[in-house]
Amino acid sequence: MKLDPFYLIVDSAAWIERLAPLGVRLVQLRIKDLNESGLRAEIRKAKALCARHQCQLIVNDHWRLAIEEGCDFIHLGQEDMQAADLSRIRAAGLRLGLSTHDDAELETALAARPDYIALGPIYPTILKKMKWAPQGLERIGEWKRRVAPTPLVAIGGLNPDRVEGVFTAGADSAAVVTDITLNADPEARTREWIEKTERWR
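Position in the sequence shown (first residue = 1) + 8 = this note's numbering.
Structure representation (structure tokens):
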């Protein structure tokens, strides 16, 4: 499979409603603190918005709800993967993305035969406190050699100025969160990302 090179990650359907019309083709809905009914409503709204704008929706963590709501792609962190029913996920036809940060996690992820593997943090990130040091561009090349032909997503501290280095090193897609959601003009920043990644589309 081929991922869009610009991989947006947001924490609400409202962000998708705001940014998907600009040409976003790949978005992850990553919500950590919300009750089940709230999550279901957000997933449902995000799914409808993505269908309207020809955007691939990836649901973070909440695989049961993703199955129930007819979604087709989920992303799991390592801890969530250990608790998830991978056979049920596959039986439901969902595609699967997995996070990795070190060699042991990569081996675990590869054994699950995911549809893509994410590596991070590439650079220092403010999204969440990490016990891993920044991976750097060389690690992208190493990971790509080990996971190919599975697509590789780079995440952590990315911005438009770092895009070329990330793709030259071997990443297939660049995931971004705070560089857009904390930007003074998220729409302009999104357009900049789309323009910067166009040559890899």
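Where is the CB? At the ideal position from N, CA and C, for every residue including glycine.
query: Pick out the complete beta strand (DSSP E) segments inside the region 10-48, 3 residues or longer, and give them in chain order.; result: 14-18 and 34-37
query: Which runs of the alpha helix (DSSP H) spanning at least 4 residues fall entirely within the region 126-183, listed in chain order?; result: 144-155 and 171-177
query: Quick one: Cα of Ala-99 to Cα of Arg-48, how far?; result: 21 Å
query: Applying the criterion that 16 or more other CB atoms from any shown protein chain within 10 Å of the CB defines a buried residue, is Lys-40 buried or exposed?; result: exposed
query: What does the alpha-carbon distance come out to for the pair Gly-144 and Asp-93?; result: 32 Å
query: Quick check on Leu-190: does DSSP put it in helix, strand or coil?; result: coil
query: For the candidate residues Ser-95, Leu-114 and Thr-186, whose alpha-carbon lies nearest to that of Val-18?; result: Thr-186
query: Which residues in the same chain as Arg-153 place their Cβ atom closer than 7 Å to its Cβ, once the five residues preceding and following it in sequence are excluded?; result: none
query: So the candidates are Leu-27, Leu-30 and Ala-117; which of them puts its Cα closest to the Cα of Gly-85?; result: Ala-117
query: Going by alpha carbons, who is nearest to Pro-159 out of Gly-165, Pro-168, Ile-148 and Asn-167?; result: Ile-148
query: On a CA-only basis, which of Glu-146, Thr-108 and Asp-123 is nearest Trp-140? Give me that one, please.; result: Thr-108
query: List, from N- to C-terminal side, the alpha helix (DSSP H) runs of 4 residues or more that fit wholly inside the region 48-87.; result: 71-76
query: Nearest CA to the CA of Asn-191: which residue from Asn-167, Glu-77 and Cys-79?; result: Asn-167
query: Using beta-carbon positions only, say whether Ile-163 and Pro-129 come within less than 8 Å of one another.; result: yes
query: State the beta-bridge partners of Gly-105 as determined by DSSP.; result: His-83 and Tyr-124
query: Anyone know if the C-beta pair for Leu-65 and Leu-37 falls short of 8 Å?; result: yes
query: Which term fits Pro-132, buried or exposed, when burial requires 16 or more other beta carbons within 10 angstroms of its beta carbon?; result: exposed
query: Hey, Pro-13 and Ala-182 are a contact pair by Cβ (cut 8 Å); roughly how many whole angstroms apart?; result: 6 Å
query: Excluding the five sequence neighbours on either side, which residues of its own chain have a C-beta within less than 7 Å of the C-beta of Asp-88, listed in chain order?; result: Asp-69
query: What distance in whole Å lies between the Cβ atoms of Leu-27 and Leu-16, which are believed to be in contact at a cut-off of 8 Å?; result: 7 Å
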